[in-house]
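Participant: Throughout the sequence shown, residue numbering follows this note's numbering, covering 56 to 406 in sequence.
For each residue, glycine too, the CB sits at the ideal point set by N, CA and C.
None of the values given here were measured: they were computed from a predicted structure.
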Amino acid sequence: MSKKIVITGGAGFIGSHVVRLFVNKYPDYKIINLDALTYAGNLENLKDIEDLPNYVFEKADIVDASRVNEIFQKYQPEGVIHLAAESHVDRSILSPLDFVYTNVIGTVNLLNAAKEAWKNDFEGKRFYHVSTDEVYGALGAEGLFTEETPYSPNSPYSASKAASDHFVRAYGETYHLPFVLSNCSNNYGPNHFPEKLIPLFINNIINKKPLPVYGDGKYTRDWLYVIDHAAAIDLIFHKGRNAETYNIGGFNEWQNIDLVRLLINKMDEKLGNLPGTSDNLITYVKDRPGHDLRYAIDATKINKELGWYPSVTFEEGLKLTIDWYFDNQEWLKNVTTGAYQEYYGKQYGGR
Ligand code: NAD
Ligand code: TYD
Numbered sequence: 056m057s058k059k060i061v062i063t064g065g066a067g068f069i070g071s072h073v074v075r076l077f078v079n080k081y082p083d084y085k086i087i088n089l090d091a092l093t094y095a096g097n098l099e100n101l102k103d104i105e106d107l108p109n110y111v112f113e114k115a116d117i118v119d120a121s122r123v124n125e126i127f128q129k130y131q132p133e134g135v136i137h138l139a140a141e142s143h144v145d146r147s148i149l150s151p152l153d154f155v156y157t158n159v160i161g162t163v164n165l166l167n168a169a170k171e172a173w174k175n176d177f178e179g180k181r182f183y184h185v186s187t188d189e190v191y192g193a194l195g196a197e198g199l200f201t202e203e204t205p206y207s208p209n210s211p212y213s214a215s216k217a218a219s220d221h222f223v224r225a226y227g228e229t230y231h232l233p234f235v236l237s238n239c240s241n242n243y244g245p246n247h248f249p250e251k252l253i254p255l256f257i258n259n260i261i262n263k264k265p266l267p268v269y270g271d272g273k274y275t276r277d278w279l280y281v282i283d284h285a286a287a288i289d290l291i292f293h294k295g296r297n298a299e300t301y302n303i304g305g306f307n308e309w310q311n312i313d314l315v316r317l318l319i320n321k322m323d324e325k326l327g328n329l330p331g332t333s334d335n336l337i338t339y340v341k342d343r344p345g346h347d348l349r350y351a352i353d354a355t356k357i358n359k360e361l362g363w364y365p366s367v368t369f370e371e372g373l374k375l376t377i378d379w380y381f382d383n384q385e386w387l388k389n390v391t392t393g394a395y396q397e398y399y400g401k402q403y404g405g406r
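(1) Does the distance from the CB of Tyr-183 to the CB of Ile-136 come in under 8 angstroms?
(2) Take Phe-256 as the anchor and find which of Ile-62, Ile-291, Ala-120 and Thr-391 has the nearest alpha-carbon.
(3) Name the residue from Gly-393, Ile-288, Cys-239 and Phe-77 whose alpha carbon lies nearest to the alpha carbon of Leu-107.
(4) Can you give me the Cβ contacts of Ala-298 inside the same chain, cut-off strictly under 8 angstroms, excluding the 5 residues immediately before and after it?
(5) Which residue's Cα is closest to the Cα of Ser-147: Gly-345, Leu-89 and Ala-351?
(6) So, with DSSP's three-state summary, where would you put Phe-378?
(7) Relative to the alpha-carbon of Lys-251, which residue among Pro-267, Cys-239 and Asn-238 has its alpha-carbon at the smallest distance?
(8) Tell me the start and end of each unbroken alpha helix (DSSP H) in the segment 93-161 that is at least 4 residues and wholly inside, in chain order.
(9) Comparing the CB of Ile-288 with every heavy atom of the ligand NAD, is any distance shorter than 7 angstroms?
(10) For Val-144, collect the residues of the same chain with a Cβ closer than 6 angstroms to its Cβ; drop the 5 residues on either side in sequence, then sort them by chain order.
(11) Evaluate contact between the segment 276-287 and the segment 235-245, counting only Cβ atoms and requiring at least three cross-stretch pairs below 8 angstroms.
(12) Hey, could you find the ends of the beta strand (DSSP E) Lys-85 is sitting in?
(13) Any heavy atom of the ligand NAD inside 7 angstroms of the beta-carbon of Glu-99?
(14) Please identify the residue among Glu-308, Ser-240, Ile-312 and Ile-303 whose C-alpha is closest to the C-alpha of Asp-271.
(15) Leaving aside the five residues before and after Arg-343 along the sequence, list all residues of the same chain whose C-beta is less than 6 angstroms from its C-beta, in chain order.
(16) The ligand TYD heavy atoms versus the CB of Tyr-274: any closer than 7 angstroms?
(17) Where does Gly-213 sit, in a helix, a strand or coil, going by DSSP?
(18) Rounded to a whole number of angstroms, what is the C-alpha to C-alpha distance between Gln-384 and Glu-308?
(19) Rounded to whole angstroms, what's the CA-CA distance from Gly-67 to Ser-142? Just pull it up for me.
(20) Alpha carbon to alpha carbon, how far is Arg-219 from Ile-104?
(21) Can you tell me which of Leu-166, Phe-306 and Lys-102 puts its alpha carbon nearest to the alpha carbon of Leu-199?
(22) Do Glu-189 and the ligand TYD come close, with the Cβ less than 7 angstroms from some heavy atom?
(23) Just to confirm, does Asn-167 get its C-beta within under 7 angstroms of one of the non-hydrogen atoms of the ligand NAD?
(24) Can you give me the start and stop residues for the alpha helix (DSSP H) that Leu-290 sits inside?
(25) Compute the minimum distance between the beta carbon of Tyr-269 and the heavy atoms of the ligand TYD, and state whether it is under 7 angstroms.
(26) Answer with buried or exposed for Ala-394, where buried requires no fewer than 16 other C-beta atoms within 10 angstroms of its C-beta.
(27) Alpha carbons only, please: which of Ala-286, Trp-363 and Ile-357 is nearest the one belonging to Lys-80?
(28) Taking 7 angstroms as the limit between beta carbons, can you name the residues of its chain near Gly-64, skipping five residues before and five after?
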């Protein structure tokens with residue numbers, strides 16, 4: 056079966072893994088990677104597949120409605136997998152409006168373009184919106200987010216993602232646009248931009264720079280290897296039920312400080328350092344405002360309905376991730392010059 060699928064944000068962290076999976080696994084599909092190439096987008100992430108005949112790149116900003124429409128009219132895609140977003144909580148605190156433009160207005164532009172291109176012929180069509188568990192807000196020490204947990208976003212990032220989720224659902228109700236949605240926990244793995252905890256700390260350990268742990272370091276996240284998220288997206292896109300939400304998680308909760316200690320341990324081993332060498336890099340810094348205490352996912356639904364379960368343990372995933380950053384230090388160097396230094400100065404001061 057031949058299918059044209061627009062994947063937005065395909066040059067970013069998760070998007071590049073989704074694009075690679077689809078391009079390699081479905082040679083009969085045409086994959087259109089729609090990405091604005093912001094600071095987080097990098098075509099280097101897709102070097103290995105960029106010449107394949109079933110892949111095409113379109114540089115476009117989803118805030119630009121006419122450009123988005125033009126692409127939908129040109130390709131007449133049957134499917135959309137929407138990942139393009141401003142994705143970093145700390146940046147959303149510094150600059151909330153950027154998140155409203157891309158995450159809310161950009162999503163509505165895509166919904167309009169799909170609705171316009173599909174007219175009322177929805178047979179075989181699907182708009183898949185990729186979202187985050189952060190829309191559910193913060194958990195206390197107990198409990199898990201289920202698909203029924205009420206939305207309660209606390210950061211400008213999660214508020215913008217929550218708004219986009221609501222728009223997708225509203226287009227389903229109002230215009231019968233076929234959609235599916237997923238809310239995933241924290242990802243980690245190759246190609247992760249070094250503004251997020253794991254790649255930032257890998258980069259800082261390599262460069263013997265302080266590791267800025269927010270607050271008391273007792274905040275908890277549920278970590279999933281990015282390849283397992285991409286596999287879940289493939290399953291949901293093809294087999295998920297229309298108008299449903301699927302929670303995706305790693306069954307893998309870590310307090311930040313424990314994760315940082317594990318990472319230091321693995322990094323020192325990799326660097327050939329004596330155990331504990333990098334411990335003194337840990338630096339407790341001022342907390343993130345509105346910092347969510349804990350995220351944890353109940354992924355029973357996707358497991359029961361679609362048979363999905365993470366394929367790698369955290370130990371394995373972390374090893375693969377560290378190895379990737381060591382093997383790709385050029386990539387790391389290239390993304391941490393210029394604008395990155397400017398952001399780093401703003402976020403972490405003189406550290
Ligand atoms: P990322 O920041 O690494 O990549 C975002 C991509 O979107 C980049 O390629 C960027 O160039 C592109 N983009 C940004 N603004 C754009 C615009 N206006 N027009 C077109 N393209 C634009 O993000 P990520 O971590 O890969 O996250 C991808 C998606 O998954 C996001 O929707 C995010 O909310 C969601 N998500 C992420 C995580 C996570 O842990 N990273 C977890 C759950 C859900
Ligand atoms: P992050 O990777 O930004 O993901 P999110 O905020 O979307 O969960 O942060 C993960 C956790 O690590 C979160 O509790 C904030 C914390 N953190 C730090 O302690 N220091 C840092 O420099 C960063 C970027 C994050």
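Facilitator: According to the structure data:
(1) yes
(2) Thr-391
(3) Phe-77
(4) Arg-224, Gly-227, Pro-233, Phe-234 and Val-235
(5) Gly-345
(6) The question names Phe, but residue 378 is Asp in the sequence shown. Reduced to three states, the DSSP call for Asp-378 is helix.
(7) Pro-267
(8) 120-130, 144-149 and 151-154
(9) no
(10) Ser-210 and Tyr-212
(11) yes
(12) 85-90
(13) no
(14) Ile-312
(15) Tyr-269
(16) yes
(17) This sequence places Ser at residue 213; Gly is not what is there. In the structure shown, Ser-213 sits in a helix (DSSP, three-state: H, G or I).
(18) 28 angstroms
(19) 10 angstroms
(20) Checking the displayed sequence, the identity of residue 219 turns out to be Ser instead of Arg. When rounded, the distance between both Cα atoms is 30 angstroms.
(21) Phe-306
(22) yes
(23) no
(24) 281-294
(25) yes
(26) exposed
(27) Ala-286
(28) Gly-70, Asp-90, Leu-138, Ala-139 and Ala-140
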